[in-house]
Amino acid sequence: MDYPYLAGYPAQLVDQVGALLDSGELGLKLERKYPQRNPVQTDRALYDYVSERKQRYLKNAPPLAKIQYDNALGLLAGTLGTNTFASRVQGGRLKRKNEIRIATLFRDAPGEFLSMIVAHELAHLKEKDHNKAFYQLCCHMEPDYHQLEFDLRVWLTWREAC
Numbered sequence: 001m002d003y004p005y006l007a008g009y010p011a012q013l014v015d016q017v018g019a020l021l022d023s024g025e026l027g028l029k030l031e032r033k034y035p036q037r038n039p040v041q042t043d044r045a046l047y048d049y050v051s052e053r054k055q056r057y058l059k060n061a062p063p064l065a066k067i068q069y070d071n072a073l074g075l076l077a078g079t080l081g082t083n084t085f086a087s088r089v090q091g092g093r094l095k096r097k098n099e100i101r102i103a104t105l106f107r108d109a110p111g112e113f114l115s116m117i118v119a120h121e122l123a124h125l126k127e128k129d130h131n132k133a134f135y136q137l138c139c140h141m142e143p144d145y146h147q148l149e150f151d152l153r154v155w156l157t158w159r160e161a162c
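Take the sequence shown: its letters are residues 1 to 162, numbered as in the UniProt record's numbering.
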């Protein structure tokens, strides 16, 4: 079977996920590993959460104009979060506006997954490309970044199959 969220991972790992999914055990394993639901449920709480993380790890990064959950992002679009940079001329100055939007499905996800996606989007304030420096910054903000990214992909695979 094809699992689009697991593309690029070793076949043996994908087969293990597929076997757990087929046996009905994948959801239980994920619930045992991540029992806590995300406590950040409102746009205001998300703004405070992201702002606190930005202040802790990226004090000199450009300010964020907007941080919110977005219903338009999700599985169908293939985008779980976006980081928008818009520049416009205002008077004689060039103004830059940064926004972070997180897919609303993260309200139902474990809090660890929100932490991972926030680290990812904040890293884009410093590094635009997914390069070595970008992933180093992600791991600085979220030490288990790579494991959480994989587990998020497994969770999305399970969620889509249900």
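We put the beta carbon where it would ideally sit given N, CA and C, even for glycine.
The structure displayed is predicted, hence computed values, not measured ones.
Following the continuous beta strand (DSSP E) through residue i, name the residue where it begins and the one where it ends.
| i | result |
| --- | --- |
| Q41 | Per DSSP, Q41 belongs to no beta strand (DSSP E) and is neither H nor E. |
| K66 | K66 to D70 |
Write down the C-beta distance between residue i and residue j rounded to the nearest angstrom, noting that I regard them as a contact closer than 8 Å.
| i | j | result |
| --- | --- | --- |
| Y145 | A119 | 6 Å |
| P62 | N98 | 5 Å |
| L122 | K54 | 6 Å |
Assuming residue i is part of the alpha helix (DSSP H), what are its boundary residues?
| i | result |
| --- | --- |
| D15 | A11 to S23 |
| A123 | G111 to K126 |
| Y145 | Y145 to A161 |
To which residues of the same chain is residue i closer than 6 Å at the C-beta, ignoring the five residues directly before and after it?
| i | result |
| --- | --- |
| Y57 | M141 |
| K132 | none |
| Y47 | I67 |
Given that a residue counts as buried once 16 or more other Cβ atoms are within 10 Å of its Cβ, and exposed if not, what is residue i?
| i | result |
| --- | --- |
| D151 | buried |
| H124 | buried |
| M1 | exposed |
| S23 | exposed |
Can you name, in chain order, every residue of its own chain whose Cβ lies under 7 Å from the Cβ of residue i, other than the five neighbours on each side?
| i | result |
| --- | --- |
| Y5 | R153, L156 and T157 |
How do the segment 36-48 and the segment 64-74 stand: do at least 3 beta-carbon pairs fall below 8 Å, yes or no?
-> Flag = yes, the segment 36-48 and the segment 64-74 touch.
Determine, using beta-carbon pairs with one atom in the segment 106-114 and one in the segment 31-38, whether at least three such pairs fall under 8 Å.
-> Touching, yes, given that three or more Cβ pairs across the two stretches are closer than 8 Å.
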